[in-house]
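Worksheet: one structure, shown below.
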Amino acid sequence: MNDRLDFITNKIMNLKEASHLCEGWRMKGEKLVFTNGCFDILHHGHLYLLAEAAQLGQHLIVGMNSDNSVRLLNKSPERPVNQQDSRAFLLAGLGVVDLVIIFDEQTPLQLIETLLPDVLVKGGDYDENQELDSHPHFIVGSSIVKNNGGIVKTVPLKEGFSTTELLRKLRN
């Protein structure tokens with residue numbers, strides 16, 4: 096591999112490796128920002144969210160649902176469209192992303208508990224004030240981040256950009 100490919104692939108880590116890296120960043124006093132999602136078909140809305148999130152600290156960490164995790168979310172039978180290694184590679188190739196962690200659970204709770212980010216970011220379709228697990232747009236880990244002195248932010252969605260909408264257009 097060449098240096099540029101190594102730069103991308105080295106951003107994809109397991110939780111243990113990521114935790115070690117985050118400890119180093121934290122020791123330097125650098126602010127850690129965390130967001131998560133499937134990022135199945137990377138589009139303008141995704142990059143907008145990631146760029147907005149990256150501005151809130153020095154390092155943007157992305158928790159990405161594994162293929163199995165996407166299936167657990169019951170998105171649709173054909174999801175994910177792109178396999179997890181491809182999705183992780185695309186995310187890691189973005190300049191605004193510092194770290195990608197693939198998680199196999201239905202939620203990124205374990206990642207958030209372990210990494211304790213300073214800022215937790217989700218899209219505007221989630222409610223930062225909603226604390227009930229039963230709410231469909233509950234921000235998982237929000238109470239953990241807040242109780243650790245961090246903040247939770249939502250980024251307004253970019254109208255007209257969603258994976259579901261892209262797939263609908265492709266079918267028609």
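With our numbering applied, the sequence shown corresponds to residues 96 to 267, in that order.
Glycine included, each C-beta is placed from N, C-alpha and C at the ideal position.
From a predicted model like this one, the values you see are computed outputs, not experimental measurements.
Mark residue i as exposed unless 16 or more other C-beta atoms lie within 10 angstroms of its C-beta, in which case mark it buried.
{"i": "Asn41", "result": "Outside the shown range of the chain (96 to 267) lies residue 41, about which nothing can therefore be said."}
{"i": "Leu144", "result": "buried"}
{"i": "Pro203", "result": "buried"}
{"i": "Pro172", "result": "exposed"}
{"i": "Asp98", "result": "exposed"}
Reducing DSSP to helix, strand and coil, say where residue i ends up.
{"i": "His139", "result": "helix"}
{"i": "Phe233", "result": "strand"}
{"i": "Val216", "result": "strand"}
{"i": "Leu127", "result": "strand"}
{"i": "Val83", "result": "This structure cannot speak to residue 83, because the chain is shown only from 96 to 267."}
{"i": "Arg174", "result": "coil"}
{"i": "Asn242", "result": "helix"}
{"i": "Leu189", "result": "coil"}
{"i": "Ser181", "result": "helix"}
{"i": "Ser257", "result": "coil"}
{"i": "Leu145", "result": "helix"}
{"i": "Thr202", "result": "coil"}
DSSP puts residue i in a beta bridge; with which residues?
{"i": "Ile107", "result": "Val195"}
{"i": "Met159", "result": "Gly132, Ile197"}
{"i": "Asp247", "result": "Here residue 247 turns out to be Val, not Asp, going by the sequence shown. DSSP output for Val247 lists Leu215 as bridge partner(s)."}
{"i": "His154", "result": "Leu127"}
Note down, in chain order, each residue of its chain lying with its Cβ closer than 7 Å to the Cβ of residue i, except the 5 sequence neighbours on either side.
{"i": "Ala148", "result": "Val128, Thr130, Leu155, Val216, Val250"}
{"i": "Glu112", "result": "none"}
{"i": "Val247", "result": "Leu215, Glu223, Ile234, Ser237, Val240, Lys241"}
{"i": "Glu260", "result": "none"}
If you compare alpha carbons, which of the options is closest to residue i?
{"i": "Glu200", "options": "Gly158, His139, Gly190", "result": "Gly158"}
{"i": "Gly152", "options": "Ile239, Gly124, Gln205", "result": "Gly124"}
{"i": "Lys126", "options": "Val176, Ala183, Arg263, Pro212", "result": "Pro212"}
{"i": "Cys162", "options": "Ala183, Leu142, Gln150", "result": "According to the sequence provided, residue 162 is Asp. The question's Cys does not apply to it. With distances taken between Cα atoms, Asp162 lies closest to Ala183."}
{"i": "Lys253", "options": "Phe102, His138, Leu100", "result": "His138"}
{"i": "Leu185", "options": "Asn97, Arg121, Trp120, Ile107", "result": "Ile107"}
{"i": "Gly236", "options": "Asp101, Ile103, Glu208", "result": "Glu208"}
{"i": "Val192", "options": "His141, Gln179, Lys170, Lys241", "result": "His141"}
{"i": "Thr104", "options": "Asn177, Ile246, Ser181", "result": "Ser181"}
{"i": "Phe102", "options": "Phe233, Arg121, Asn109, Leu189", "result": "Leu189"}
{"i": "Ser114", "options": "Leu100, Ala187, Val195", "result": "Val195"}
Report all residues from its chain with a CB closer than 6 Å to the CB of residue i; omit the five preceding and five following residues, and keep chain order.
{"i": "Cys279", "result": "Here the chain comprises residues numbered 96 to 267, so residue 279 is not present and cannot be evaluated."}
{"i": "Asn243", "result": "Leu211"}
{"i": "Gln179", "result": "Ser161, Asp162, Ile197"}
{"i": "Leu167", "result": "Gln201"}
{"i": "Ala146", "result": "Val191"}
{"i": "Ala187", "result": "Ile103, Lys106, Ile107, Val195"}
Using a Cβ-Cβ cutoff of less than 8 Å, which residues in the same chain neighbour residue i once the five nearest sequence positions on both sides are dropped?
{"i": "Asp135", "result": "Val165, Lys170, Arg174, Pro175, Val176, Asn177, Arg182, Thr258"}
{"i": "Gly119", "result": "none"}
For chain B, find out if any of its Cβ atoms is closer than 8 Å to the Cβ of residue i; answer yes or no.
{"i": "Asp135", "result": "Any reference to chain B falls outside this structure, which holds one protein chain only."}
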